[in-house]
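Step one of this worksheet: look at the structure below.
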Amino acid sequence: MNIILMLIISVLVSAGVYLTLSKDLLRIILGLAILGTAANLVVFYAGFLGSSVAAIIDSGLSALSSEAANPLPQALVLTAIVIGFALLCFALLLMVAMVKQSHNRDSRALNLTEPQATSAEDRNKPAVMEAE
Amino acid sequence: MSAIVISLLIPLILAVFNGFVKTRWLFSLNIAGSLLLMLSSLSLFATVIQQGQISVQFGGWAMPYGITFSADGLSALLIITIALIYLCVLLMMQGHPKWQFANKVGKSTTNESGLHESDSYDSDSQSRRGFILLQGLIASTIAITLTADLFNLYVWFELMLMSVLGLLIINGKAHNLEAAIKYFTLNMLGTLLMLSAVGFIYGLTGQLNFSALQTAAMQPEIQPQIFIFSGLFVLALLMKIGAFPLFIWLPASYHTLPLPLMALIGGLLTKITAYVLLRLSGQVFDLSFMLDALGWIAVFTMLSGVIGAAYHWDLRRILAFHIVSQVGFLLLGIALASQAGAAGTALFLIHNILVKTNLFLIAGAIWIAVKHYDLREIGGLYPANALLAMLFLINAMALVGVPPTTGFWGKFLVLQETFNQQHFIWAIAALFTGLLTLYSMSKIWLEAFWKKPPQQQPEIQAIPRAVITPIIMISFFVVAIGFYPDPVITVLQTAFAPFYGHTAR
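Residue numbers (my numbering), protein chains in the order written: chain E, 2 to 133; chain Z, 5 to 509.
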């Protein structure tokens, strides 16, 4: 089980890194989402998989039995999944808004926030973005 | 209830209230909230001075199981600073209609995209959203200074990231969106690294609580691995701080924010992250294996920050690049890993939050006066407004590190420790950075204040009181702590005393 999970994590990380290095915005965001899944699996893996006994305290007892699964990593992963999902939705909507405005998904064309090149003759023109 | 809980609850409750109070009460509500936050942080500070470190266990769970929040002198001082600059930034928002969330930027830009033409983009809900995000930002920064749990730290970092992203796009123009995507990509990568590091560290030690981790990390059988995983965590923090090769997102995104927000975010976020690194390196992980690397990263960060600033003519960009260089200085202080170095770094951190915010606010005042950020397009502010010029001079000198300002003491303590540890090249790089900072600041001074106004410049406007008052308030603290640094330094040294007692490096 651990070996399988390890292989899955490594495949996910390599796929995520490959997509993130692309120039297309959608691929970058999807790559980050896949990397996020890999990170979630890492947290999950950290909880020493192996036991499948539910982490519920039986009636009459005051503590978990020793063979129960560790509930903490599951709580952590659940939190991380929710956060990751919210950020993924945000990023996708952001990209849609950008594509609607600029009709462009190429990350190399993202130069609105950079100062425009100034040459000697247009030094008198504003090289600064309009104020908010 | 403990002052820790109250300081955390105030912004969270306000965030909820911002969702449904009448729009005309929003501003007063948030001002009242920031004053309350100031009071509760002062009471927290008083408690900490009397009792030393205090902590709260949430849910009544015993020590290693529940989530711990703890405060010492440094975190209490930091929360006071956060409350102060939050109040100032809020006041500043009244300075210009364009700086309030309720401005109708979305409606005036009619592009073919159809993004802002719907009625849902009305100013009421926009200002609600803005204040909710602002309170989320304040809540997350306060929680990051207080939390003593590794996973909880990650969650608050996520809240901070979300709030900043929301504030970045609140005006919805093309360059805002672009800045948000640049900010998102690198910070998200840092967040994911942080999450994996938390997972690995938990898997290795079985602990998430800071003090339990500190003991667990000492075990000899996990020695080589814990270095790798704590190094991974530090790498994630370095990405979010804006350290040398990974700082490009910072000057690419900060300057698109509306100005008072730029002051808050530019002044606060990277410093809070640096605070986390300062805390972790002393109290939780033994980072001595990577201190040399951290020092060299610090040197390159400092130099690339000031050199970037020297190239630019946009006030906001110059200040954004200076954030990078001062982060480098903070990293240098962290790399020293001694009690004196940490106390100096902490003083520099608080100084830097105040001064950086104030310089951004002054940039806003300059914009109010001449309606431009380009230094080549403006001039003649000194004869027009000598008070603003003096305030700029005080803060610029504090940034450079001229006595008697807070900047001098922070730099002095860190550099003294650097020389004591015989890292001469690092110290020389830091001093050279100071020189280049002086160059940038005198560039602003010469161009904006002393130069004759260019012909096409519109008439210089008077600066409203709502804009100048916050600047005076922060400048007062900059000078006051500069004249009497002793109490602050004592508090900070007490805060770090338990952690560096044994490591005489």
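For each residue, glycine too, the CB sits at the ideal point set by N, CA and C.
Along the region 124-158 of chain Z, the positions whose C-beta sits under 9 Å from a C-beta of chain E are F155 and Y158, read in chain order.
Here the alpha carbons of N213 of chain Z and T219 of chain Z stand approximately 10 Å from one another. In this structure the region 356-373 of chain Z does not touch the region 294-312 of chain Z; the number of beta carbon pairs closer than 8 Å is below three. The beta carbon of G348 of chain Z lies closer than 7 Å to those of G337, G414, L417, V418 and E421 in the same chain, with the five residues before and after it left out. Under the three-pair Cβ rule at 8 Å, the region 241-261 of chain Z counts as touching the region 185-201 of chain Z. Per DSSP, the continuous alpha helix (DSSP H) segment holding V328 of chain Z begins and ends at L319 to L340. A contact is defined here as three or more CB-CB pairs under 8 Å, and the region 440-447 of chain Z meets this definition with respect to the region 397-413 of chain Z.
By the beta-carbon neighbour count (other beta carbons within 10 angstroms, threshold 16), L79 of chain E is exposed.
Counted as a single uninterrupted DSSP element, the alpha helix (DSSP H) harbouring F304 of chain Z occupies residues L295 to Y315. With distances taken between CA atoms, S79 of chain Z lies nearest to Z:T145 out of Z:T145, Z:M192, Z:V20 and Z:R380. Relative to L163 of chain Z, the option among E:L88, E:L93, E:L94 and E:R106 whose CA is nearest is E:L88.
If only uninterrupted alpha helix (DSSP H) runs of at least 4 residues are considered, those enclosed by the region 331-408 of chain Z are 343-374, 385-388 and 390-404.
In the same chain as V52 of chain Z, and ignoring 5 residues on each side of it, the C-beta atoms closer than 7 Å to its own belong to I58, A75, D76, G77 and A80, in chain order. Sorting Z:M306, Z:W371 and Z:A346 by C-alpha distance to the C-alpha of L435 of chain Z places Z:M306 at the top. Going by C-alpha positions, N156 of chain Z is about 26 Å away from Q497 of chain Z.
The criterion of a C-beta distance shorter than 8 Å is satisfied by I485 of chain Z and T410 of chain Z. Taking one beta carbon from each stretch, the region 197-216 of chain Z and the region 158-175 of chain Z have 3 or more pairs nearer than 8 Å; the two touch. For V495 of chain Z, the uninterrupted alpha helix (DSSP H) run begins and ends at D490 to F500, by DSSP. Our two residues, C92 of chain Z and G56 of chain Z, have alpha carbons roughly 29 Å apart in a direct line. Membership of S79 of chain Z in any beta strand (DSSP E) is not indicated; the residue belongs instead to the alpha helix (DSSP H) covering G77 to M97.
When secondary structure is reduced to three states using DSSP, I5 of chain E falls in the helix class.
Unbroken alpha helix (DSSP H) stretches of 4 residues or longer found wholly inside the region 427-482 of chain Z: 428-448, given in chain order.
For the options Z:G207, Z:S308 and Z:G170, the alpha carbon positioned closest to that of L42 of chain E is the one of Z:G207. With its beta carbon less than 8 Å from one in chain Z, F91 of chain E belongs to the interface. Bridge pairing for Q61 of chain Z: Z:T72 [DSSP]. Closest by C-alpha distance to L395 of chain Z, out of Z:I475, Z:Q426, Z:R380 and Z:I370, is Z:I475. Per DSSP, reduced to three states, the secondary structure at T151 of chain Z is strand.
In this structure, the straight-line span from the alpha carbon of G37 of chain E to that of I82 of chain E is close to 8 Å.
Between the region 58-67 of chain Z and the region 97-107 of chain Z there are fewer than three C-beta pairs closer than 8 Å, too few to call the two in contact. Interface flag for L181 of chain Z against chain E is set, since a Cβ pair is found closer than 8 Å. Between F289 of chain Z and Y386 of chain Z a beta carbon distance of about 49 Å is seen, past the 8 Å cut, so the two are scored as non-contacting. With a beta-carbon spacing of about 6 Å, I327 of chain Z and G270 of chain Z fall inside the 8 Å limit used to define contacts. In this structure, DSSP gives A221 of chain Z a state outside helix and strand, which the three-state scheme calls coil.
Around A56 of chain E, no beta-carbon contact reaches into chain Z at under 8 Å, the shortest distance being about 14 Å. Secondary-structure assignment with DSSP links A69 of chain E through a beta bridge to E:V54.
Distances from the CA of L319 of chain Z to each of Z:A247, Z:I354, Z:D378 and Z:T277 were compared; the closest alpha carbon is that of Z:D378.
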